[in-house]
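Chemist: Going letter by letter, the sequence shown gives residues 0 to 135 in our numbering.
Mind having a look at this structure? Questions to follow.
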Amino acid sequence: MHQNAKALIENYYAAFNAGDMETFLGLLTDDVIHDINQGPREIGKEAFRAFMDRMNRNYKEQLVDMTIMTNEDGTRAAAEFVVLGEYRVTDEGLPPAKGQKYRLPAGAFFDIRDGKVARITNYYNLQDWIEQVEKA
């Protein structure tokens with residue numbers, strides 16, 4: 000079971016890196032829970048789609064140096080990776096965007112149900128990101 004969970008998360012991030020949002024969103028349950036880093040909890044695939052539309056408009060990101068871990072029964076997973084990004088359009092409440100590049104360690108935690116992602120919680124150091132884009 001944990002191999003299926005690992006493959007699910009690998010496919011999730013491969014779709015993200017390819018910019019294939021339909022495949023990416025297809026790996027989520029309809030009632031997916033999304034805990035946004037230093038933000039609110041959103042529920043549902045449509046809320047996640049709206050979040051990703053904003054992210055894809057404001058940022059261009061690739062995730063590298065991926066390590067994926069799963070529990071034995073395949074119901075939970077975690078990933079650690081590095082975000083290589085470009086800040087393209089100013090996001091509300093954040094510094095002005097002017098194409099700044101950044102490199103940011105990050106992680107995510109997942110609940111898995113019926114072969115799909117049922118919860119994702121992302122973590123990164125927002126202050127580190129802000130310092131990187133303000134210096135660039």
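For each residue, glycine too, the CB sits at the ideal point set by N, CA and C.
Fair warning: this is a prediction, and the values are worked out from it, not measured in the lab.
1. Short check: CB of PHE80 to CB of ALA105, under 8 Å?
2. When the Cβ atoms of the stretch 106-120 are set against those of the stretch 77-94, are three or more pairs found closer than 8 Å?
3. Flag this pair as touching only if the stretch 85-101 and the stretch 17-33 have three or more C-beta atom pairs under 8 Å; answer yes or no.
4. When the Cα atoms are used, what is the spatial distance from MET218 to ALA96?
5. Where DSSP assigns a beta bridge to ASP34, which residues make up the other side?
6. How big is the Cα-Cα spacing for GLY84 and ILE42?
7. Whole-angstrom Cβ separation of ASN36 and TYR123, contact assumed at under 8 Å?
8. Run through the DSSP bridge pairs and tell me what MET68 is partnered with.
9. Can you tell me which of the three DSSP states GLU45 falls into?
Modeler: So, from the data block:
1. Their beta carbons are under 8 Å apart, which means PHE80 touches ALA105 by this criterion.
2. The stretch 106-120 makes contact with the stretch 77-94: 3 or more CB pairs, one atom from each, lie closer than 8 Å.
3. Counting Cβ pairs under 8 Å, fewer than three are found: no touch.
4. Outside the modelled stretch of the chain, which goes from 0 to 135, sits residue 218, for which no answer is possible.
5. ARG40, THR120.
6. If I take the Cα positions, the gap works out to 26 Å.
7. Confirmed, Cβ separation roughly 6 Å.
8. Residue pairing by DSSP places MET68 opposite ALA77 in a beta bridge.
9. The DSSP-derived three-state label of GLU45 is helix.
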